[in-house]
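K.L.:
Its first residue numbered 6, the sequence shown is counted upward by one per residue in the working numbering. Just so you know, even glycine gets a beta-carbon here, dropped at the ideal spot from N, CA and C.
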Amino acid sequence: MDKDNHKTYKIMSFNCMSLKRSMDCIRLLSKKVDVMALQETWLLPTEVPDLGLLNKDFSYFGKSAMDNSSGLLRGRPYGGVGLLWRNDSFQSVSVIPCASERIVAIKVCVADRSMLFFSVYMPTNELDHLCEFVECLSEISAIVENEHVESIYVLGDFNAHPGKLFGNEMLSFCAEQNWLCADIERLGIDSQSYTYTSVAHGTCSWLDHCLTSVAAWRTVVNVKIHYDVFWSDHFPLEVECNLERVRSMTIPPNISNVNKIIWGERTGDQIDMYFKYCNDKLKLIDFPLELNKCCDKMCTNVNHQSVINNFYMCIINVLTEASINCYDNFSNKCEITHRGIRPLIGWNKHVRSAHRVARQTFLCWVWNGKPRKGTVYRDMVESRKIFKKQLKFCQNHQEQIKMNILATKHEQKDFRGFWKQTRRLSPKAGIPVSIDGECEPVRIANLFRNHFRVQSPGQLSRGADAGVVDPSRPSHVPPRITTKEITKIIMNMTKGKSPGHDHLSIEHFQHAGPHLPRLLALLYTFCIRHSYLPGALMRTVVVPILKNKTGDVSDRNNYRPISLATITAKVLDAVLERQVSDHLTLSDAQFGFRPMLSTECAILSLKHVVGYYTERNTPVYAVFLDLSKAFDLVRYDLLWGKLRQTGVPGPYVDLFSHWYEYQTNQVRWSNTLSEEYRLECGVRQGGLTSPALFNLYINELIEALGEARVGCSIDGHCVNSISYADDMVLLSPSIGALRRLLSICERYAESHGLRYNVKKSELLVFKAAKTKPSYVPPVTLGGTPLKRVTEFKYLGHIVTEHLKDDADIERERRALAVRCSMLARRFYRCTAQVKVTLFKAFCQSLYTCTLWVRYARRAYNALRVQYNNAFRMLLGLPRYCSASGMFADAHVDDFSSIIRKRTASLMRGVRASTNNILMVIGNKPECAVLRHWVHIHTHIPGASKQRRFMN
């Protein structure tokens, strides 16, 4: 470790083969490193303390995987793993409990920065051990998810040589988690490096590795393999790191600042008090006499805008005052004090009564002059002992108390509270101290403001009168907004959403009484009549949300914006959404954000069209297009024109125009706000009407592609493009037709201010079964040749050039392993009933499993085994217990039942759909999904075990 200002730390992985035989070697190596990850093939439980004899300057933690209680051990089973760390290198070190015997982990702190170090010892590279290999990686991922540390170092013997089974699995896992293999990245996969030599066969392999997160990779200075160590058949792998590059984290916002407006957790008495207060105050709000003549006609009197503002603020002030007053009154009534201390879980059940008795006896003792003996003194001492005992019990059993709360809510069938409590078990991570070099919260907020703000490349200039209704324009006067309509919208909105800048949420509206919908209906009617909205209603708070938790948290590009609008604006948005939907007619090739359609419908259409051509020995050329920030580049001048053409009443269009023109946004970071900015282009992020408006904006392009009458078609229906919002794929049996479709897209994008990302747009040629590969001419987009690939992840589903589903099944298998490991780690104290509920919610959602029709038996069985093992792991069942028996006992669907039910549901939806593309698919007997559906419903379990499914 260097002694200058930039300290470097060295970490090392070493499979020592035998701890006792390699002690001298390990002692020499430990003098050069700060952390050492050890693996041994023969480590008895009684020998684990020997790790502490290696170096007096080191602490250790290890575990043995050998069970010597079963008798005489033979052979060379894997023995155990351990971690050693230098005592004076880190401020604090804590051991992370791991369920697997192949993993040990520690969390270390340097200054205000935290890191995780793992030592792993994977099974041998055999197909039978693949499931265990994935489970170990998944448990590591679950630990990382739970600890919320971005700098991760995983060292050990992975038995994963590049290009072999485990090597490919390890690199695929790294790609999904956005991790890197530091030694391969630094040394190079073609560097002929190796960490293991076989004495028996004279071969070399690269089995030991160091996996890092993106944040940890930034710290890697050098990687070295010590080929001069001959004490083992493995060579030590050393990684030198500059931990000063690790970004420090801050704690979450101070919880002592209690916001009394936010709904949060309120008791029944508080809700009743809030309802009574709102009901008494809202009925006293007078109807604005100035607006009496504006109820049934359009009005351009600008003086009425201040009246609308006052009317709006009267409503909001009543709700705000009611929320604050009921909070204070109830707190005083119940003698609740808030001292900025985080409430202790289980206080009310286990500690409150003992605290009350101890408090009373203490006051009695003080009132009697604080005697040192006698009955009063003994009562005070005994009550204090009981209180401290209950408090200590509550503090030591926090996890179990949380699990008991979860089980109680499940038994009471309070599923809303059950899932709310489940989400609370996931601790929130801190925020980075600096973003792109900025440290002050205000400057960071303004940095995100400039990053999220989008300037339209082709936006027409807007004068001061933009968004103001033209009195000379004839306009149909829409009907009034009714109280019944507002009541229905409020009652159907989802609870528990984050509030806007006024801190009011849907719960405030739902419990405010019958007068609120009446007042809101009047307010919205007046706003539509004047094409005007109060400024406070349109104000939006933008919160940066981390995209990738294991990525660089200090990079602003790793954040996406989430807009928090006022609840009043959300209700109005729901009113406008109904008007837009009633007048909107979209192409059948658009599947995004439409009722009764999903991503599975879009993927099914793609695979059916491609299969229709390839089965007839015709290849299909597909271009997957990527629009850069498509939702943020919508031009308003074009959007409002399209909206009027659909027949939406002019007053609604004028209200949209005013809303988008005068909405103000502020970025919030660490309880500070940036400067205000307005939208120059793009639909409102998170708005209920935004998906419909974007579909309208892009619909003309989809119709133009269909009218070109080139590309793929089935039974006279042109299916040359399939879209899900801004994700579009072009399909053509010839390169010439594909180029023509691309030219249409380029012209439309240029005229509508959109931009295609050539780097992310790719060409995939679906090959016909009986046609030999031929030369494919280059296909360009914007003058740049598109990259040709053999597979593409479309809407989360991997499609390949041969329409094989093995890769997508493998994707879901890895995802299932990660989800189950997280559940098993976080909810291991729960009851069996709770675990079964969580399993159904998180492990039975096999994405696009209904579309798997061409796959190898091996891939299918691997996922089925992973599904079975996931249930065993979660419930703590023996590894080789009967799968059918355990699912029957728990009343849980097995893997085959999930596939059958999901496939039947998809086909039922396809056949009932009014979408022309899906109607063609549903009526086609050669539909691959239909054939597969018939197959799995007529297949007798146990028969033809060696047959490949539809392959």
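If you draw a straight line from the C-alpha of Cys-835 to the C-alpha of Asp-419, how long is it?
P.N.:
As a working mapping, residue 835 is identified with position 830 in the sequence shown. As a working mapping, residue 419 is identified with position 414 in the sequence shown. Spanning the two alpha carbons is a distance of roughly 16 Å.
K.L.:
Return the chain-ordered ranges of every beta strand (DSSP E) run that is complete within the stretch 562-599 and spans a minimum of 3 residues.
P.N.:
564-569
K.L.:
Could you round the C-beta distance between Thr-200 and Trp-184 to whole angstroms and report it? I think they count as a contact, below 8 Å.
P.N.:
For the purposes of this step, residue 200 is identified with residue 195 of the sequence shown, where counting begins at 1. For the purposes of this step, residue 184 is identified with residue 179 of the sequence shown, where counting begins at 1. Rounded, the Cβ-Cβ distance is 19 Å, inconsistent with contact.
K.L.:
Asp-29 to Phe-797, Cα distance in whole Å?
P.N.:
Counting from one through the sequence shown, the residue named residue 29 turns up at place 24. Counting from one through the sequence shown, the residue named residue 797 turns up at place 792. If I take the Cα positions, the gap works out to 52 Å.
K.L.:
Does the structure place the stretch 306-316 close enough to the stretch 289-297 that three or more beta carbon pairs sit under 8 Å?
P.N.:
Taking a cut-off of 8 Å on C-beta distances, the stretch 289-297 touches the stretch 306-316, as three or more cross pairs fall below it.
K.L.:
Does DSSP put Ser-261 in a helix, a strand or coil?
P.N.:
Sequence index remark: in the sequence shown, residue 261 carries index 256 (1-based). Annotation note: pLDDT 44 at Ser-261 (below 50); position unreliable, no value reported.
K.L.:
Can you give the Cα-Cα distance for Ala-640 and Val-546, rounded to whole angstroms?
P.N.:
As a working note, residue 640 is residue 635 in the sequence shown. As a working note, residue 546 is residue 541 in the sequence shown. A small correction: the amino acid at residue 640 is Arg; Ala does not occupy that position in the sequence shown. Distance between the alpha carbons of Arg-640 and Val-546: 22 Å.
K.L.:
Does Leu-693 come out as helix, strand or coil in the three-state DSSP assignment?
P.N.:
Taking the sequence shown and counting its residues from 1, the one referred to as residue 693 is at position 688. The answer is coil: DSSP assigns Leu-693 none of H, G, I, E or B.
K.L.:
Determine whether the beta carbon atoms of Ser-156 and Ala-221 lie at a separation below 8 Å.
P.N.:
By one-based count along the sequence shown, residue 156 stands at place 151. By one-based count along the sequence shown, residue 221 stands at place 216. For Ser-156 and Ala-221, yes; Cβs fall inside 8 Å.
K.L.:
At what residues does the alpha helix (DSSP H) containing Gly-655 begin and finish?
P.N.:
The sequence position of residue 655 within the sequence shown is 650, counting from 1. Where Gly-655 is concerned, the enclosing alpha helix (DSSP H) stretches over 655-667.
K.L.:
Measuring straight from C-alpha to C-alpha, what distance separates Pro-656 and Gly-801?
P.N.:
Translated into positions along the sequence shown, residue 656 becomes position 651. Translated into positions along the sequence shown, residue 801 becomes position 796. Answer to the nearest angstrom: the Cα atoms are 40 Å apart.
K.L.:
Quick check on Glu-52: does DSSP put it in helix, strand or coil?
P.N.:
In the sequence shown, counting from the first residue as 1, residue 52 sits at position 47. DSSP places Glu-52 in helix when its eight states are reduced to three.
K.L.:
For Tyr-282, is the classification buried or exposed, using 16 other Cβ atoms within 10 angstroms of its Cβ as the cut-off for buried?
P.N.:
Indexing the sequence shown from 1 puts residue 282 at position 277. Classified as buried, Tyr-282 has 16 or more neighbouring CB atoms from the shown chains inside 10 Å of its CB.
K.L.:
Which residue comes first and which comes last in the beta strand (DSSP E) that contains Gln-197?
P.N.:
Residue 197 sits at position 192 when you count from the first residue of the sequence shown. Per DSSP, Gln-197 belongs to no beta strand (DSSP E) and is neither H nor E.
K.L.:
Give the straight-line distance between the Cα atoms of Ser-328 and Gln-838, rounded to the nearest whole angstrom.
P.N.:
For the purposes of this step, residue 328 is identified with residue 323 of the sequence shown, where counting begins at 1. For the purposes of this step, residue 838 is identified with residue 833 of the sequence shown, where counting begins at 1. Their Cα atoms are separated by approximately 37 Å.
K.L.:
Provide the residue span of the beta strand (DSSP E) that contains Tyr-65, from first to last.
P.N.:
Here residue 65 corresponds to residue number 60 of the sequence shown, with the count starting at 1. 63-69 is the extent of the beta strand (DSSP E) around Tyr-65.
K.L.:
Are the beta-carbon atoms of Leu-746 and Ser-766 separated by less than 8 Å?
P.N.:
In the sequence shown, the residue the question calls residue 746 occupies position 741. In the sequence shown, the residue the question calls residue 766 occupies position 761. Cβ distance not < 8 Å, so Leu-746 and Ser-766 don't count as in contact.
K.L.:
With H, G and I counted as helix, E and B as strand and the rest as coil, what does DSSP make of Glu-755?
P.N.:
In the sequence shown, residue 755 corresponds to position 750, counting from 1. Residue state, collapsed to three classes: helix.
K.L.:
Candidates Ala-773, Lys-840, Ser-35: which alpha carbon is nearest Asn-622's?
P.N.:
Taking the sequence shown and counting its residues from 1, one reaches residue 622 at position 617. Nearest C-alpha to Asn-622: Ala-773.
K.L.:
Just verifying my parser: in three-state terms, what is the DSSP assignment at Val-915?
P.N.:
Within the sequence shown, residue 915 is the residue found at index 910, counting from 1. Helix, per DSSP.
K.L.:
Once DSSP output is grouped into helix, strand and coil, what is the label at Lys-516?
P.N.:
Here residue 516 refers to the residue found at position 511 of the sequence shown. The displayed chain sequence assigns His, not Lys, to residue 516. Coil at His-516, not helix or strand.
K.L.:
Might you give, ordered along the chain, the residues of its own chain that have their beta carbon closer than 6 Å to the beta carbon of Ser-320, omitting 5 neighbours on each side?
P.N.:
The sequence position of residue 320 within the sequence shown is 315, counting from 1. Checking the displayed sequence, the identity of residue 320 turns out to be Ile instead of Ser. The residues are Leu-524.
K.L.:
Nearest by alpha-carbon distance to Lys-25: which of Thr-13, Leu-56, Leu-34 is it?
P.N.:
Position 20 of the sequence shown holds residue 25. Nearest C-alpha to Lys-25: Leu-56.
K.L.:
Using DSSP with H/G/I as helix, E/B as strand and the rest coil, what is Val-870?
P.N.:
What you label residue 870 is simply residue 865 of the sequence shown in a count that begins at 1. DSSP places Val-870 in helix when its eight states are reduced to three.
K.L.:
Report buried or exposed for His-206, applying the criterion of at least 16 other Cβ atoms within 10 angstroms of its Cβ.
P.N.:
Stepping through the sequence shown from its first residue, residue 206 is reached at position 201. When all chains shown are included, His-206 counts as exposed.
K.L.:
I'd like the list of long-range same chain contacts for Lys-338, defined as Cβ closer than 8 Å, with 5 residues on each side in sequence excluded.
P.N.:
By one-based count along the sequence shown, residue 338 stands at place 333. Low confidence applies here, because Lys-338 scores a pLDDT of 47, under 50, leaving its location unreliable; read the following figure in that light. Nothing listed; no residue qualifies.
K.L.:
Are the beta-carbon atoms belonging to Asp-578 and Thr-694 less than 8 Å from one another?
P.N.:
On the sequence shown, residue 578 is found 573 positions in, with the first residue counted as 1. On the sequence shown, residue 694 is found 689 positions in, with the first residue counted as 1. Taking 8 Å as the Cβ cut-off, Asp-578 and Thr-694 qualify as a contacting pair.
K.L.:
Please state whether DSSP places Arg-26 in a helix, a strand or coil.
P.N.:
Position 21 of the sequence shown holds residue 26. Three-state result, Arg-26: coil.
K.L.:
Rounded to the nearest angstrom, how far is the Cβ of Arg-819 from that of Glu-181, given a contact under 8 Å?
P.N.:
By one-based count along the sequence shown, residue 819 stands at place 814. By one-based count along the sequence shown, residue 181 stands at place 176. Taking C-beta atoms under 8 Å as the contact rule, Arg-819 and Glu-181 qualify, at a distance of about 6 Å.
K.L.:
Would you kindly check if the distance between the Cβ of Leu-602 and the Cβ of Asn-401 is under 8 Å?
P.N.:
The sequence position of residue 401 within the sequence shown is 396, counting from 1. The sequence position of residue 602 within the sequence shown is 597, counting from 1. Cβ atoms of Asn-401 and Leu-602: not closer than 8 Å.
K.L.:
Pull up the CB-CB distance for Ala-359 and Gln-395, whole angstroms please, since I reckon it's below 8 Å.
P.N.:
Here residue 359 refers to the residue found at position 354 when the sequence shown is read from its first residue. Here residue 395 refers to the residue found at position 390 when the sequence shown is read from its first residue. That belief holds up - the Cβ atoms of Ala-359 and Gln-395 are roughly 5 Å apart, short of 8 Å.
K.L.:
Applying the criterion that 16 or more other CB atoms from any shown protein chain within 10 Å of the CB defines a buried residue, is Ala-846 buried or exposed?
P.N.:
As a working note, residue 846 is residue 841 in the sequence shown. Around the Cβ of Ala-846, a 10 Å sphere holds fewer than 16 other Cβ atoms; the residue is exposed.
K.L.:
Tell me whether Pro-522 sits in a helix, a strand or coil according to DSSP, three-state version.
P.N.:
Taking the first residue of the sequence shown as position 1, residue 522 is located at position 517. DSSP places Pro-522 in helix when its eight states are reduced to three.
K.L.:
I believe Arg-561 touches Phe-453 by the beta-carbon criterion, under 8 Å. Please report the beta-carbon distance rounded to the nearest angstrom.
P.N.:
Numbered from 1 along the sequence shown, position 556 holds the residue referred to as residue 561. Numbered from 1 along the sequence shown, position 448 holds the residue referred to as residue 453. With a Cβ gap of about 6 Å, Arg-561 and Phe-453 count as contacting.
K.L.:
Between which two residues does the beta strand (DSSP E) harbouring Met-733 extend?
P.N.:
As a first step, residue 733 must be located in the sequence shown, where it is residue number 728. Residues 732-737.
K.L.:
Please look up how many angstroms separate the CB atoms of Phe-178 and Leu-142, rounded, as I've assumed it's under 8 Å.
P.N.:
By 1-based counting over the sequence shown, the position of residue 178 is 173. By 1-based counting over the sequence shown, the position of residue 142 is 137. Rounded, the Cβ-Cβ distance is 5 Å, consistent with contact.
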